[in-house]
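Engineer:
There are 2 protein chains.
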Amino acid sequence: MTTPLTSAPVPGTSGPDGSAPRPPEPARPPRDLRSDARDNRERILQVARTTFAAEGIGVSMREVARRAGVGPATLYRRFPTKEALVTEAFGEQMVRCTTIAEDGLADPDAWRGLRTVIEQVCVLHALDRGFTAAFVTAFPRAVDFTEERTRVLRSLAELVQRAKDSGDLRRDFVLDDLIMLIMANSGIRAASREAAAASSRRFAALAIQSISARPAVGPLPPAVRLPLMAAMH
Amino acid sequence: MTTPLTSAPVPGTSGPDGSAPRPPEPARPPRDLRSDARDNRERILQVARTTFAAEGIGVSMREVARRAGVGPATLYRRFPTKEALVTEAFGEQMVRCTTIAEDGLADPDAWRGLRTVIEQVCVLHALDRGFTAAFVTAFPRAVDFTEERTRVLRSLAELVQRAKDSGDLRRDFVLDDLIMLIMANSGIRAASREAAAASSRRFAALAIQSISARPAVGPLPPAVRLPLMAAMH
DNA sequence: ACACTAGTGGAACAACCTGTCCGTTTCGGC
DNA sequence: GCCGAAACGGACAGGTTGTTCCACTAGTGT
Numbered sequence: 021m022t023t024p025l026t027s028a029p030v031p032g033t034s035g036p037d038g039s040a041p042r043p044p045e046p047a048r049p050p051r052d053l054r055s056d057a058r059d060n061r062e063r064i065l066q067v068a069r070t071t072f073a074a075e076g077i078g079v080s081m082r083e084v085a086r087r088a089g090v091g092p093a094t095l096y097r098r099f100p101t102k103e104a105l106v107t108e109a110f111g112e113q114m115v116r117c118t119t120i121a122e123d124g125l126a127d128p129d130a131w132r133g134l135r136t137v138i139e140q141v142c143v144l145h146a147l148d149r150g151f152t153a154a155f156v157t158a159f160p161r162a163v164d165f166t167e168e169r170t171r172v173l174r175s176l177a178e179l180v181q182r183a184k185d186s187g188d189l190r191r192d193f194v195l196d197d198l199i200m201l202i203m204a205n206s207g208i209r210a211a212s213r214e215a216a217a218a219s220s221r222r223f224a225a226l227a228i229q230s231i232s233a234r235p236a237v238g239p240l241p242p243a244v245r246l247p248l249m250a251a252m253h
Numbered sequence: 021m022t023t024p025l026t027s028a029p030v031p032g033t034s035g036p037d038g039s040a041p042r043p044p045e046p047a048r049p050p051r052d053l054r055s056d057a058r059d060n061r062e063r064i065l066q067v068a069r070t071t072f073a074a075e076g077i078g079v080s081m082r083e084v085a086r087r088a089g090v091g092p093a094t095l096y097r098r099f100p101t102k103e104a105l106v107t108e109a110f111g112e113q114m115v116r117c118t119t120i121a122e123d124g125l126a127d128p129d130a131w132r133g134l135r136t137v138i139e140q141v142c143v144l145h146a147l148d149r150g151f152t153a154a155f156v157t158a159f160p161r162a163v164d165f166t167e168e169r170t171r172v173l174r175s176l177a178e179l180v181q182r183a184k185d186s187g188d189l190r191r192d193f194v195l196d197d198l199i200m201l202i203m204a205n206s207g208i209r210a211a212s213r214e215a216a217a218a219s220s221r222r223f224a225a226l227a228i229q230s231i232s233a234r235p236a237v238g239p240l241p242p243a244v245r246l247p248l249m250a251a252m253h
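Quick mapping for you: the protein sequence lines, in order, are chains A and B.
Number 253 marks the last residue of the first sequence (the numbering used here); no jumps.
Number 253 marks the last residue of the second sequence (the numbering used here); no jumps.
1. For residue 52 of chain B, count neighbouring Cβ atoms within 10 angstroms of its own Cβ and tell me buried if that reaches 16, exposed if not.
2. What does residue 207 of chain B touch in chain A if you count any residue whose Cβ is under 8 Å from its own?
3. Alpha carbon to alpha carbon, how far is residue 58 of chain B from residue 85 of chain B?
4. Taking the straight line between their C-alpha atoms, what separation do you get for residue 242 of chain A and residue 69 of chain A?
5. Would you mind working out which of B:231, B:204, B:226 and B:215 sits nearest residue 184 of chain B, comparing C-alpha positions?
6. Which residues in the same chain as residue 112 of chain B place their Cβ atom closer than 8 Å to its Cβ, once the five residues preceding and following it in sequence are excluded?
7. Taking beta-carbon pairs under 9 Å, can you tell me which members of the segment 223-244 of chain A lie near chain B?
8. With residue 135 of chain B as the anchor, note down where its alpha helix (DSSP H) starts and where it stops.
9. Chain A partners of residue 246 of chain B, CB-CB under 8 Å?
10. Does the beta carbon of residue 32 of chain A sit closer than 7 Å to a beta carbon anywhere in chain B?
11. Would you check if the distance between the CB atom of residue 240 of chain A and the CB atom of residue 222 of chain A is smaller than 7 Å?
12. Got a sec: which bits of the segment 108-124 of chain A sit with their beta carbon under 8 Å from any beta carbon on chain B, in order along the chain?
13. Give the secondary structure of residue 240 of chain B by DSSP, where H, G and I count as helix, E and B as strand, and everything else as coil.
14. Would you check if the distance between the CB atom of residue 179 of chain A and the CB atom of residue 125 of chain A is smaller than 7 Å?
15. Just mark residue 207 of chain A as buried or exposed, buried being the case when its beta carbon has 16 or more other beta carbons within 10 Å.
16. With distance defined between alpha-carbon atoms, name the residue in B:76, B:90 and B:172 nearest to residue 116 of chain B.
17. Kindly say whether residue 186 of chain B, judged by its beta-carbon, lies nearer than 7 Å to any beta-carbon of chain A.
18. Pull up the CB-CB distance for residue 87 of chain A and residue 71 of chain A, whole angstroms please, since I reckon it's below 8 Å.
19. Check each candidate in B:133, B:104, B:108 and B:110 and name the one with the smallest Cα separation from residue 181 of chain B.
20. Verify whether the separation of the beta carbon atoms of residue 196 of chain A and residue 245 of chain B is less than 7 Å.
21. Using a 10 Å radius around the Cβ and a threshold of 16 neighbouring Cβ atoms, would you call residue 139 of chain B buried or exposed?
22. Quick one: measure Cβ to Cβ for residue 233 of chain A and residue 149 of chain A, integer angstroms, because I've assumed they're closer than 8 Å.
23. Please confirm whether residue 98 of chain B and residue 61 of chain B have their CB atoms less than 7 Å apart.
24. Which two residues bound the contiguous alpha helix (DSSP H) that contains residue 196 of chain A?
25. Can you check which of these residues, A:238, A:217 and A:200, is closest to residue 225 of chain B by C-alpha distance?
26. Which value, in whole angstroms, describes the spacing of the CA atoms of residue 130 of chain A and residue 170 of chain B?
27. Are the C-beta atoms of residue 174 of chain A and some chain B residue less than 7 Å apart?
28. Pull the bridge partners of residue 232 of chain A from the DSSP assignment, please.
29. Are the Cβ atoms of residue 216 of chain A and residue 146 of chain A separated by less than 7 Å?
30. On a Cα-Cα basis, can you pick out the residue from A:190, A:186, A:89 and A:119 that is closest to residue 175 of chain A?
31. How about residue 186 of chain B and residue 205 of chain B: are their beta carbons less than 7 Å apart?
32. Starting from residue 219 of chain A, find everything on chain B with Cβ-Cβ shorter than 7 Å and list it in chain order.
33. Assign residue 236 of chain A to one of two classes, buried (16 or more other C-beta atoms within 10 Å of its C-beta) or exposed (fewer than that).
34. Looking at chain A, which residues of the segment 71-90 of chain B have a Cβ within less than 8 Å of any of its Cβ atoms?
35. So what's residue 53 of chain A in DSSP terms, helix, strand or just coil?
36. Label residue 93 of chain B either buried or exposed according to how many other C-beta atoms from any shown protein chain fall within 10 Å of its C-beta, with 16 as the threshold for buried.
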């Protein structure tokens, strides 16, 4: 099974031209669209962003098209698959995540930087109505954000290390804890975007409390009335 | 704002006659089924429980029927709707939740009782693969667990109050925080049931840390390697 | 043993989804 | 203006979902 070696070279791959099939898809951004097409594309993206953020990824492509005032075919011409649309729509949030991480890393006070990262990421995700969880569960293996992601993770790892070195972060903290807390945050559902953001703020404060190496009971952001129908079965 | 949850008067306790159209559905348990039908029903329930717990609520009715070795019609004759099946299937977990809450309340040490409740509920939900979140998001207004739920909430509210009185629980803690933490826990996804449970144990420990009135950095359950593809975009 | 009916499973239905085709409209350089 | 190509949208295909119909099967009281 590991030795297909002797077989004839796969036809087509030996050519000197070496034009790869098309996996990397280098030029994703719109090339030179006609003016109306460009407008439509932009409108679709905007609608997709707000709709997905507000109602989750379950919204159908048709519905996105309808709200953007175009036909389904137009939508599919610009974004050949739903995954592509979602990826593109949330690209902005992705770079925002990167920015947050690097801003945190830039803070000379690593512990404060880490705290800021946690709070901002939590709120960001809350405003996107658990986009993370939705996206991940919907497209488990999609995510060609890999490049951005590893960059972010590298930044966070260094931030965590520095916060430990300064003695502010518990020494048994690991990067997976940070991921866990962020995933947990995305499990919070509230009645409105504002409530979700407020809730996430409080959650972030509690999370920070829990990972501090020198915990001290300080004030918290206000509590939020949650739809009790939720978590208790 | 200082009166979070306790305000809701228990609905439906006013009318003496109370001949509601049919919302309570008094006789849900199987009445006098034929032997084979009874077997089938039991088998369906068992399959539904394990399947929903393991793979989430997204599993189709067809699939449940197939795994139970019956036709779709049989399934639907016993459980007229998917919601009914889910509700019935998770009834067991529901009473387990109740048990956990009442055991916690029975503990003379309220703080220890609360800690136990948090950990056990978190693990329970983890083993159900985020059943709570899935259920709630799938059937936002379903849940005729109201009776059980209010009972649980009442127990928890008292437990929280007692833990505050004993000076172990932060005084700005509210019941909504508990709900928030439980919802958050259900946002955690891991590679396996075991990993999820372990993760939830660690999460619960952190949560307890964060709401303690006298926090002290103690040991935590082991960290779990999470599918980093997840929460970080 | 027998009939009678509760119970059954497979096919079918309606609604929805993602993704495609094709005749029509509109842009944009001349 | 004009005309070719780009872009459009409504209808179509194929799949999956929850749910129902119906001819047949198999328990059960006699």
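Think of the CB as a built atom: it goes at the ideal place given N, C-alpha and C, for glycine as much as any other residue.
Structural biologist: In short, the structure shows the following:
1. Counting from 1 along the second sequence, the entry for residue 52 of chain B is found at position 32. Looking at its Cβ environment, which holds fewer than 16 other Cβ atoms inside 10 Å, residue 52 of chain B is exposed.
2. Within the second sequence, numbered from 1, the residue matching residue 207 of chain B stands at position 187. Simply 150, 153, 203, 204, 205, 206, 207 and 208.
3. As a working mapping, residue 58 of chain B is identified with position 38 in the second sequence. As a working mapping, residue 85 of chain B is identified with position 65 in the second sequence. Their Cα atoms are separated by approximately 15 Å.
4. Within the first sequence, the letter at position 222 stands for residue 242 of chain A. Within the first sequence, the letter at position 49 stands for residue 69 of chain A. Between residue 242 of chain A and residue 69 of chain A, the C-alpha separation is close to 29 Å.
5. Stepping through the second sequence from its first residue, residue 184 of chain B is reached at position 164. Out of B:231, B:204, B:226 and B:215, B:231 has the C-alpha closest to the C-alpha of residue 184 of chain B.
6. Residue mapping note: residue 112 of chain B aligns to position 92 of the second sequence, counting from 1. Excluding residues within five positions, the ones whose Cβ falls inside 8 Å are 69.
7. 223, 225, 226, 227, 228, 229, 230, 231, 232, 233, 234, 235, 236, 237, 239, 240, 242, 243 and 244
8. Here residue 135 of chain B refers to the residue found at position 115 of the second sequence. Looking at the DSSP string, the run of the alpha helix (DSSP H) that includes residue 135 of chain B is 130-147.
9. Along the second sequence, one-based indexing puts residue 246 of chain B at 226. Correct list: 196, 199, 200 and 203.
10. As a first step, residue 32 of chain A is located in the first sequence; it is residue number 12 there, counting from the start. Because the pLDDT of residue 32 of chain A is 35, which lies under 50, any placement of that residue in the model is unreliable, and the number read from its coordinates should be weighed accordingly. No, residue 32 of chain A does not count as interfacial toward chain B.
11. One-based indexing of the first sequence puts residue 240 of chain A at position 220. One-based indexing of the first sequence puts residue 222 of chain A at position 202. Yes, these two residues count as a Cβ contact at 7 Å.
12. 110, 113, 114 and 117
13. Locating residue 240 of chain B in the second sequence gives position 220, counting from the first residue. Of the three classes helix, strand and coil, the one that applies to residue 240 of chain B here is coil, per DSSP.
14. As a position in the first sequence, residue 179 of chain A is number 159, starting the count at 1. As a position in the first sequence, residue 125 of chain A is number 105, starting the count at 1. Yes, they are a contact pair.
15. Position 187 of the first sequence, counted from the first residue, corresponds to residue 207 of chain A. Buried, by the Cβ-count rule.
16. Locating residue 116 of chain B in the second sequence gives position 96, counting from the first residue. Comparing Cα-Cα distances from residue 116 of chain B to each of B:76, B:90 and B:172, the minimum goes to B:172.
17. Taking the second sequence and counting its residues from 1, one reaches residue 186 of chain B at position 166. So no, residue 186 of chain B is outside the interface.
18. Along the first sequence, one-based indexing puts residue 87 of chain A at 67. Along the first sequence, one-based indexing puts residue 71 of chain A at 51. Contact between residue 87 of chain A and residue 71 of chain A holds: CB atoms are separated by about 6 Å, below the 8 Å threshold.
19. One-based indexing of the second sequence puts residue 181 of chain B at position 161. From the listed residues B:133, B:104, B:108 and B:110, the smallest Cα separation to residue 181 of chain B is found for B:133.
20. Here the question's residue 196 of chain A lines up with position 176 in the first sequence. Here the question's residue 245 of chain B lines up with position 225 in the second sequence. It is a contact, given that the beta carbons lie within the stated cut-off.
21. The residue you call residue 139 of chain B lines up with position 119 of the second sequence. Buried, since its Cβ has 16 or more Cβ neighbours within 10 Å.
22. As a working note, residue 233 of chain A is residue 213 in the first sequence. As a working note, residue 149 of chain A is residue 129 in the first sequence. Actually they are not in contact, since the Cβ atoms of residue 233 of chain A and residue 149 of chain A sit about 33 Å apart, beyond 8 Å.
23. Translated into positions along the second sequence, residue 98 of chain B becomes position 78. Translated into positions along the second sequence, residue 61 of chain B becomes position 41. In this structure, residue 61 of chain B lies closer than 7 Å to residue 98 of chain B by Cβ.
24. Locating residue 196 of chain A in the first sequence gives position 176, counting from the first residue. Residues 195-206.
25. What you label residue 225 of chain B is simply residue 205 of the second sequence in a count that begins at 1. Looking at the Cα atoms, A:200 is the closest of the given residues.
26. The residue labelled residue 130 of chain A in the question sits at position 110 within the first sequence. The residue labelled residue 170 of chain B in the question sits at position 150 within the second sequence. Going from the Cα of residue 130 of chain A to the Cα of residue 170 of chain B covers about 44 Å.
27. One-based indexing of the first sequence puts residue 174 of chain A at position 154. So, not an interface residue.
28. Here residue 232 of chain A refers to the residue found at position 212 of the first sequence. In the DSSP output, where bridge partners are listed per residue, residue 232 of chain A has A:189.
29. Residue 216 of chain A sits at position 196 when you count from the first residue of the first sequence. Residue 146 of chain A sits at position 126 when you count from the first residue of the first sequence. It is a contact, given that the beta carbons lie within the stated cut-off.
30. Numbered from 1 along the first sequence, position 155 holds the residue referred to as residue 175 of chain A. Of the candidates A:190, A:186, A:89 and A:119, the one whose C-alpha sits nearest the C-alpha of residue 175 of chain A is A:119.
31. Start at 1 with the first residue of the second sequence, and residue 186 of chain B comes out as number 166. Start at 1 with the first residue of the second sequence, and residue 205 of chain B comes out as number 185. Cβ distance not < 7 Å, so residue 186 of chain B and residue 205 of chain B don't count as in contact.
32. For the purposes of this step, residue 219 of chain A is taken as the residue at position 199 of the first sequence. By Cβ distance, chain B contributes 200.
33. By one-based count along the first sequence, residue 236 of chain A stands at place 216. Exposed.
34. none
35. Translated into positions along the first sequence, residue 53 of chain A becomes position 33. Residue 53 of chain A falls in the coil class under three-state DSSP.
36. As a first step, residue 93 of chain B must be located in the second sequence, where it is residue number 73. With fewer than 16 other Cβ atoms within 10 Å, it is exposed.
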